[in-house]
Amino acid sequence: MSTVLLSLRMLYRDWHSGELRVLALALMLAVASVTSVGFFTDRIQRALEQQSNELLGGDIVVKSSNRVSDAVKAVVRSFDVRSARTVEFPSMVIAADKSHLASLKGVSESYPLRGELRITTRMFSTDAPAQGVPTPGTVWLESRLLNQLGINVGDRITLGDAEFVVSAIITNEPARASGSLFSLAPRVMLNIHDLERTGLIQPASRVRYRQLFAGDIDTITRLRKAISKQLQPGERLEGVEDAQPGVRRALDRSQRFLGLAALVSVLLAGVAVATSTRRFVARHLDSCAMMRCMGATQSEILFTFMLQLAWLCLIAGVTGCLLGYLLQYGLVAILATVIDIVLPQPSYIPIIIGLLVGVVTLSGFALPPLMHLKHVPPLRVIRRELGDVPARSVVTYLVGSMALFVLILIQAHDIKLGVYMLGGVIAAMGLFYIMAVAVLRILQRFKHHGGIVWRFGVGNITRRTRGSILQVMAFGLGIMVLLLLTLVRDDLLHEWETNLPEDAPNRFLINIQPDQRVEVEDFFVQQGLPAPSLFPMVRGRLTAIDGRALSLDSYEDDRASRLVAREFNLSWSTELQEDNIISAGQWWPDQSNGKKILSVEKGLAETLGIELGDNLTFSIADDDFTARVTSLREVDWDSFRVNFFVLAPPGVLDSYPATYITSLYLPASNGNVLNELVKSFPNITVIDVAAVMGQVRTIIERVTLAVEYVFVFTLLAGVLVMYAAIHATLDERIQESAILRTLGADRSLLLKGTITEFAGLGLLSGLVAAFAATVSGYILAHFVFHLDYAFDGRLWLIGIILGTVGVCAAGLLGTMQVLRRPPLQSLREML
Amino acid sequence: MSVSSRQPVIEVTDLDKNVASPDGELVILHDINLTILSAEAVAIIGASGSGKSTLLGLMAGLDVPTSGSVMIQGRDLFALNEDGRAEVRRNMIGFVFQSFQLLPNLTALENVMLPVELSGQQHRARDTAREFLDRVGLASRLQHHPRQLSGGEQQRVAIARAFAAQPALLFADEPTGNLDQRTGDRIIDLLFDINHERATTLVLVTHDEALSARCNRSLHLDAGRLLKE
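In order, the protein sequence lines correspond to chains Z and S.
Quick note on numbering: the first sequence equals residues 18 to 848 in my numbering.
Quick note on numbering: the second sequence equals residues 162 to 390 in my numbering.
Printed below as a string of structure tokens:
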């Protein structure tokens, strides 16, 4: 019969023994974990690609914090392209008695050039493509803003000095979430010509101007080249591929880290595969010897078995992909609030990658033990001790581990990061190994201090050292990650929040005009609140350091480039603020008015390579301003007080247009005070720190939940490793059980012994996990977040309970057949 | 002690054992009736396949018959459930097997302690086990695991284990089957000596005529039936 058919038949017959089931489940798990992450990130990527045109609202865009320069305008005139303009900035929206922070966007008639703006005139009714843009005097709002203001279509709102009628609800806007993944402030869209009426745009306001262009590919390409030659400082030209840097970065990171989490479970699944295959091989030694006697060659035998496993891999792989596809919806659900995009169906690529992972896992972990079948001597039929599978060696796992490490490097997309990740994984494994060995040694000491039940349970753990170490490592890792991502995360967040003094500022007011200062201070005093300190703010762009002109290409570091491209907030002050510490140079003495010197924040200086004594040149409102750095400051950004990257003494920046900002603490009882303020001064923008922190907290919670979701695979893989180990020792356990029953042990004794064994294993895993989580929490708190970390007893309690109960339940399930096996059956085999 | 003063320890009545096989029902034992008195040493002898190990298993309650009954010291073995039979074995029966059947993860001492602990006498287990291992000549091998002992030594441990809980009955299934001639002889001597010291009832399954000659009686099994004595 052909080899193919033979292998299928053997597969069918062998299925009923346990080890192939564990093998199949392990492969399925490996593929499912990788594909669930793969499908998820693939869908996001496709969403970005499909909507890429929409992301910009055009084919190319010129971005600037000022109106588009004449140089660029001149260039555009000679090209036959469509164009549109948008102007975006945050401001308060006032309706009757409520106000809310919103993101205003004034659009010109032809907006959008690509993608579709969709609106509806009633909540929850079907939307339709918008015909044009809001007519002057009207605005279109996002639905949640209507909820927040308690208004409806047809009601009036105030923006700055002007009133508007709400005429529609926006249901889809191209280029939404431009630059930020998290839609903090809801959208208000108005006609670009209405902006002047509002009076909200002042010289020092922070506004984003965009000029969009669309046309045929050739024209756009030429236009792009032409514009890039004429770009003025502060202007940026972007195409579709540059859009959504924030989203792309987040996607890239999530792909790397979720993918890494999935690979950890693949590693464990590989161990289960190796263990199962060893038993599979051991059980087939006799039949192999017989086949050799009958004339089969070594290669034929090996090939048949390899084919058998290959079929299994295919079936398990396909099932795993299906499972991964279903499970990916879970990730989507968890991160839905964070990722505000409609996701299309995924491509086939994750399937290919998933199957590839399955094949690599099988080849790496199952092939080495399988190779042994090649060497079974035919003489084994007479002398049964020949050809036994050699004792477990490190080599068995080495090949597979190597293969997986290569996968990890590929997953990281980047050699440096890949090496770090790999190093991290190996270090973690090493540490867990040491901890596992340590607790097992301690347990060994206590072996003789109890009755039969204790001795059996503990004896089973300590005798099967390698298996026990592996299981403690696997479960310990899984439980530790869960503890880190829930309890430790909460502890750290809580620590951070409670570190803030109770009266730390919880509101920021920005965009206060200079002529409003006195009135604003008076306003607060009238309300019975302390007058807030108002800080002047001038916007300027760093154009040169020590005469060397800076451009976008001056820095490789992502963060540095961004800092150079945008405008900074500069301010002036006589005194050094309480929470600032001079780290280099000297703060200026009181009589320094008018001196062209600067104090720069330490972190900024490091990122941009600014040193004491450097002359910095800023472009402020078309003027150049140069001053020397005489001190560097450390700022405690966590205090929520107003702080600036760059400070000058008074009398230096006074001539430039400025706005004023402040931060203050508003007691809950005075909640409505700011509504009144905004009504009186509609240009003042109020940022609710508590709301922002709440949103940040939600994002952190959601993202860690997503990672936990993937780490559930790791726990399941740990269970499979345990099942594989149980199967490998099944015959031993059955024999022991038979002997004990012969000697008169009843079933409850056997059950207690089994419970002791698995509960003991689980307890050890829980201890290791709690210990590792505590140490990690301490390290994270002190070295990364600079917080205190208090001992959290819950870690130990939950770690131990989870480990003991979880592992015990899983272990009992796995050995149920030994306990349930009719004693007659086992006992008969003894005689 | 005269024969008539001995009480019946095992009473087997109309014992049948059939098993299902692809070719229909296979008769392993048919119409077995026998009585074994206290302190007797009885050999069950027969060719391979005659059903003697099955008979032993049934008498020890390790298996259930198709029909018939077995009384151990007046208790109907098959009126009890599995746990009940376990209790009987715990308190009354010791075993010696052809393949020793020691627990590989326990030391010699721990193996012998087992039945004593199981019968609820934890406090005496260690001393009793030491005593018996000394009796079988393995006082210096207490902490060794079975894989570190020779076949003969393992069987000696098994004998010590069999006697440690002071059973009334001892079942031995081909105790020298896996041993060479000389070692086997020594084992048998040891078995009979201790048996005589303790006045246990011994039921010995063997195919060796010489061995059966050392017992008080021999019961011959042929194709599942007891031949007339």
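The beta carbon of each residue, even a glycine, is placed where N, CA and C say it ideally should be.
Just so we're clear, the structure is a prediction, and the values are computed from it rather than from any experiment.
Consult DSSP for residue i and reduce its assignment to one of helix, strand or coil.
{"i": "PHE106/Z", "result": "strand"}
{"i": "TYR677/Z", "result": "strand"}
{"i": "GLN234/S", "result": "coil"}
{"i": "ALA49/Z", "result": "helix"}
{"i": "ASP31/Z", "result": "helix"}
{"i": "LYS80/Z", "result": "strand"}
{"i": "ARG375/S", "result": "coil"}
{"i": "GLN283/S", "result": "helix"}
{"i": "TYR16/Z", "result": "Only positions 18 to 848 of chain Z appear in this structure, which leaves residue 16/Z out of reach."}
{"i": "HIS191/S", "result": "strand"}
{"i": "ASN610/Z", "result": "coil"}
{"i": "GLY688/Z", "result": "coil"}
{"i": "SER765/Z", "result": "helix"}
{"i": "PHE525/Z", "result": "strand"}
{"i": "SER197/Z", "result": "Only weak support is given to the placement of SER197/Z: the predicted model assigns it a pLDDT of 40, under 50, and the question is left unresolved by the model."}
Please confirm if residue i has its CB atom under 8 angstroms from at least one CB of chain S.
{"i": "GLU402/Z", "result": "no"}
{"i": "ALA762/Z", "result": "yes"}
{"i": "GLU753/Z", "result": "yes"}
{"i": "ARG750/Z", "result": "no"}
{"i": "ILE369/Z", "result": "no"}
{"i": "GLY468/Z", "result": "yes"}
{"i": "GLY779/Z", "result": "no"}
{"i": "GLY476/Z", "result": "yes"}
{"i": "ARG480/Z", "result": "yes"}
{"i": "ARG838/Z", "result": "no"}
{"i": "ILE756/Z", "result": "yes"}
Check whether chain Z comes within 8 angstroms of residue i, counting only Cβ atoms and requiring the distance to be less than that.
{"i": "LEU331/S", "result": "no"}
{"i": "ASN339/S", "result": "no"}
{"i": "ALA290/S", "result": "no"}
{"i": "LEU380/S", "result": "no"}
{"i": "ARG317/S", "result": "no"}
{"i": "LEU372/S", "result": "no"}
{"i": "PRO183/S", "result": "no"}
{"i": "GLU278/S", "result": "yes"}
{"i": "GLU248/S", "result": "yes"}
{"i": "ASP244/S", "result": "yes"}
{"i": "ASN266/S", "result": "yes"}
{"i": "LEU352/S", "result": "no"}
{"i": "LEU275/S", "result": "yes"}
{"i": "GLN282/S", "result": "no"}
Note the first and the last residue of the continuous alpha helix (DSSP H) segment covering residue i.
{"i": "ILE186/Z", "result": "It is not in any alpha helix (DSSP H) - ILE186/Z instead sits in the beta strand (DSSP E) that spans 179-189."}
{"i": "GLN247/Z", "result": "234-247"}
{"i": "GLY218/S", "result": "213-220"}
{"i": "GLN533/Z", "result": "GLN533/Z -> no alpha helix (DSSP H), and no H or E assigned at all."}
{"i": "ALA91/Z", "result": "87-94"}
{"i": "ALA333/Z", "result": "315-352"}
{"i": "MET497/Z", "result": "482-500"}
Am I right that residue i and residue j are in contact with their C-beta atoms under 8 angstroms? What's the rounded C-beta distance?
{"i": "GLU9/Z", "j": "ILE77/Z", "result": "Nothing can be reported for residue 9/Z, as the shown portion of chain Z is limited to 18 through 848."}
{"i": "LEU348/Z", "j": "TYR726/Z", "result": "6 angstroms"}
{"i": "TRP604/Z", "j": "SER648/Z", "result": "6 angstroms"}
{"i": "ILE425/Z", "j": "MET438/Z", "result": "6 angstroms"}
{"i": "SER280/S", "j": "ARG251/S", "result": "5 angstroms"}
Bridge partners of residue i, per DSSP?
{"i": "VAL555/Z", "result": "LEU587/Z"}
{"i": "LEU382/S", "result": "GLY207/S and LEU387/S"}
{"i": "ALA119/Z", "result": "SER108/Z"}
{"i": "GLY735/Z", "result": "None; GLY735/Z has no bridge partner."}
{"i": "GLY602/Z", "result": "SER648/Z"}
If I follow the unbroken beta strand (DSSP E) through residue i, where does it start and stop?
{"i": "LEU363/S", "result": "362-367"}
{"i": "MET833/Z", "result": "Looking at the DSSP string, MET833/Z is not in any beta strand (DSSP E); the run it does join, the alpha helix (DSSP H), is 810-837."}
{"i": "ASN252/S", "result": "Careful: ASN252/S lies outside any beta strand (DSSP E), inside the alpha helix (DSSP H) at 243-253."}
Is there a C-beta anywhere in chain B that falls below 8 angstroms from the one on residue i?
{"i": "THR759/Z", "result": "In the displayed structure, chain B is absent; the protein chains listed are Z and S."}
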